[in-house]
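Working notes, beginning with the structure itself.
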Amino acid sequence: MRLIFLGPPGAGKGTQARILASRLSARQISTGDILREHRERRTELGKSAEQFMQAGELVPDELIIKMIERELAAAEGFTLDGFPRTVAQAEAFDALLAKNGWNLDAVVLFQADREALLKRLTSRWTNPRTGRTYNALSHPPRTAGIDDDDGGPLVQREDDLPQTVAKRLEVYDAQTKPLIDYYRIKGKLLRVNALQSVDAVSESITEGLRARAAAS
Ligand code: AMP
């Protein structure tokens, strides 16, 4: 499948993209994870992106679009997690779909209110090596600060600090929210309540996609 997971930061897009990757035959492509990797490797892209990421702002469209074109060179299924985030990115992505003769199956919209997101993001812990995330409140690791999977240390991302989180939510409202209408008009939107348990969200997504496929 070819999917977009759309929604504010902290709504659980990354968690679901990882969980559902094999079930949906759609590998997770997280632009945030790719950018963080570039930043660590000190590539040109990583260095250019760094200041924007630290401030909770968006990295310029032309850098992101080039990066996603490279990532999508292979024709397999994917879930885009964190892209597109602006109308310009969505238009560039439409052109890429057309060029490759690909169909976009659906855009899953993760719905959650601001208070819940603030709470979630400021209690999020990440394994910097694998990108796996935990939540100190709703989904804690077995041992605080340690990844259940590989025993590695968990850290709090600098962009999950309270003042940056508020900025990221503002940026989402101003620049990414218009994409809801963009994809609604195209008939691609599948709305999911992102405040349910992790399992219930996975179930809502797979059920919703099944119902859409059956109806088409
Ligand atoms: P995320 O982990 O998806 O919240 O992304 C972390 C940061 O990477 C964002 O706050 C942006 O600075 C940057 N970023 C990720 N994806 C994009 C995108 N599609 N467009 C612009 N900036 C992005």
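Throughout the sequence shown, residue numbering follows the working numbering, covering 2 to 217 in sequence. Glycine included, each C-beta is placed from N, C-alpha and C at the ideal position.
* To do: Could you spell out where the beta strand (DSSP E) holding Tyr135 opens and where it closes?
  => Thr134 to Asn136
* Asked: Regarding Ile65 and the ligand AMP, is the C-beta to nearest heavy atom distance less than 6 Å?
  -> yes
* To do: Kindly indicate the opening and closing residues of the alpha helix (DSSP H) around Leu21.
  => Lys14 to Leu21
* Asked: Helix, strand or coil: how does DSSP classify Ala107 here?
  -> strand
* Asked: Going by other Cβ atoms of all chains shown within 10 Å of its Cβ, with 16 needed for buried, is Lys48 buried or exposed?
  -> exposed
* Asked: CB-CB under 6 Å to Leu138, same chain, minus the five flanking residues each way: which ones, in chain order?
  -> Ser124
* What span of residues does the alpha helix (DSSP H) with Asp182 cover, start to end? -> Pro179 to Ile186
* Leaving aside the five residues before and after Ile181 along the sequence, list all residues of the same chain whose C-beta is less than 8 Å from its C-beta, in chain order. => Leu7, Leu110 and Leu190
* Between which two residues does the alpha helix (DSSP H) harbouring Val60 extend? -> Val60 -> no alpha helix (DSSP H), and no H or E assigned at all.
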